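Residue 332 in my numbering is what sits at position 109 of the sequence shown, and the numbering runs on without skipping anything. Just so it is clear, CB atoms sit at the ideal spot from N, CA and C, and this is done for glycine as well. Model, not experiment: these values are computed from the prediction. Right, one structure below, let's go through it.
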Amino acid sequence: MLQQIMTAPHTITFREVPIPVPGPNEALIRILRIGICGSDIHVYHGKHPFTSYPITQGHEVSGRVEAVGAQVSGLQPGQKVTIEPQVFCGQCHPCRHGRYNLCESLKVMGFQTTGAASEYFAVDASKVTPLPQTMSYDEGAMLEPLAVAVHAARRFGDLRGAKAVVLGAGPIGLLVMQTVKALGAADVLVTDISDTRLQTAAALGAGRCVNTAREDLGPALGERFGPDGADVMFDCAGNDITINQAIHLSRKGGVIILVAVFADLAHVDLAVLNDHELDLNTSMMYRHEDYATAIDLVTQGKVRLQPLMSRHFPFREYLDAYRYIDQNRETTLKVLIDVG
């Protein structure tokens, strides 16, 4: 079978390796779709803080069960599935308390351990999540980023009636915006510097869109939400500008959820954060219940994934997909790799 390997920043090769034989507790998955996310792009540019080379990528995936080990139950050949890519110890304090997304020795497929960018992938069956047969493989590959959005939304708590701001209208930002609305938010304002992305946000239900390259966010917030401002701000862009916008424009005692991964060291106005007694919360990946909710939101039509899909590339054109993303940053959302 064919396997992708990123040997260094901006360098991808392929090699022929044997099709793996699933162990007693494993499932063999025929990988069909792989999504490229912002963290993958950090790896491509050599800027991911927790990834070294060589690495086989692939953590946003969908596929079909080909075979299962002798001790596996609940999975059958032919099932449409996705893979939850966290590898955790099960023994540390977070794991023992159900927070395995914070495992002290957490590894993520495609970053610290082998990812699923292969024609076939053998994986512990506990990490395989069946998908509704009505769900497309494209949608299945996007459940991982949607689970990120679900987990981030839950970090705020009860969103019913809330007024929210989403900073950044990339794929994660657009998924967070849809998710907070689906979970009961009354109104969501979305920012970006790309008109194309903001047009997508508006089409997906954003109450107000602000291009912060041309419009001052402060007055826009006041016009939309009144003097009390927003209840919560989600930073889905991850740069000094957006996190400091969140700090300076949150009402006193407000809540900020950091969703994005910072590729560079942040310079943050901690004086204002402290003076305004803001709650700066963070969000790390997801747990299985977030996947379950993500599947429900898609099947119920509350979150739409198709409008975020920008382009498909064949498996052997993996490198071209990254080049395309670099050359079309403002107009590209989710790029998918067709493995089969």
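Name the one or two DSSP bridge partners that residue i has.
i	result
Phe334	None; Phe334 has no bridge partner.
His535	Leu559
Ser341	Gln226
Thr414	Leu390 and Val433
Gly292	Bridge partners of Gly292: none, in fact.
Glu553	BP columns for Glu553 are empty, so no partner.
Asn504	Ile480
Val284	Ile257
Val371	According to DSSP, which records beta bridges pairwise, Val371 is partnered with nothing at all.
Pro353	Val304
Ile278	Met229
Gln309	Val331
Ile252	Val288 and Phe344
Met456	Val388 and Ile479
When we look at the beta-carbon of residue i and count the other beta-carbons within 10 Å, is it buried (16 or more) or exposed?
i	result
Gly321	exposed
Arg283	According to the sequence shown, residue 283 is Glu rather than Arg. Buried is the call here.
Ala494	exposed
Asp454	buried
Asp458	buried
Lys350	buried
Thr279	buried
Ala460	buried
Ala424	buried
His316	exposed
Gly297	exposed
Asp502	exposed
Gly286	buried
When the distance is taken between beta carbons, is residue j closer than 8 Å to residue i?
i	j	result
Ala339	Ile416	no
Met358	Lys270	no
Leu255	Pro394	no
Asn324	Gln314	no
Leu412	Arg431	yes
Thr402	Val526	yes
Ala345	Pro243	yes
Glu367	Thr274	no
Ala429	Met400	yes
Leu390	Thr414	yes
Of the choices the options, whose alpha-carbon is the least far from that of residue i?
i	options	result
Gln299	Gln422, Tyr323, Thr505 and Ala348	Ala348
His471	Met456, Gln314 and Arg431	Met456
Arg420	Thr230, Val491 and Leu531	Leu531
Val484	Thr352, Gly301, Ser275 and Val266	Val266
Ala387	Asn551, Val562, Asp561 and Ser473	Ser473
Val240	Ala460, Leu440, Ala231 and Met224	Met224
Asn467	Val521, Ala489 and Thr279	Ala489
Ile252	Val288, Glu512, Gly452 and Leu503	Val288
Phe536	Gln550, Ser328 and Leu559	Leu559
Gly301	Ala443, Leu397, Pro353 and Arg546	Pro353
Pro228	Asp418, Tyr547, Arg552 and Leu542	Correcting the residue identity first, residue 228 is Ile in this sequence and not Pro. Taking only the C-alpha atoms, the option nearest Ile228 is Leu542.
Ala436	Thr465, Asn551 and Gly281	Thr465
Asn497	Ile264, Ala408, Gly476 and Asp487	Gly476
Gly452	Leu427, Glu342 and Ile479	Ile479
Exercise for the section: Indicate whether the contact test is met: 3 or more Cβ pairs, each with one atom in the stretch 293 to 308 and one in the stretch 247 to 261, closer than 8 Å. Expected result: yes
Handout entry: the stretch 440 to 448 in contact with the stretch 358 to 374 per 3-pair CB rule at 8 Å
Key = Under the 8 Å Cβ criterion, the stretch 440 to 448 does not count as touching the stretch 358 to 374, having fewer than three qualifying pairs.
Practice task
Pair every Cβ in the stretch 381 to 398 with every Cβ in the stretch 329 to 338, then say whether three or more of these pairs are closer than 8 Å.
Solution key: no
Exercise for the section: Could you tell me whether the stretch 510 to 518 touches the stretch 233 to 242, using the rule of 3 or more Cβ pairs below 8 Å? Expected result: No, they do not touch.
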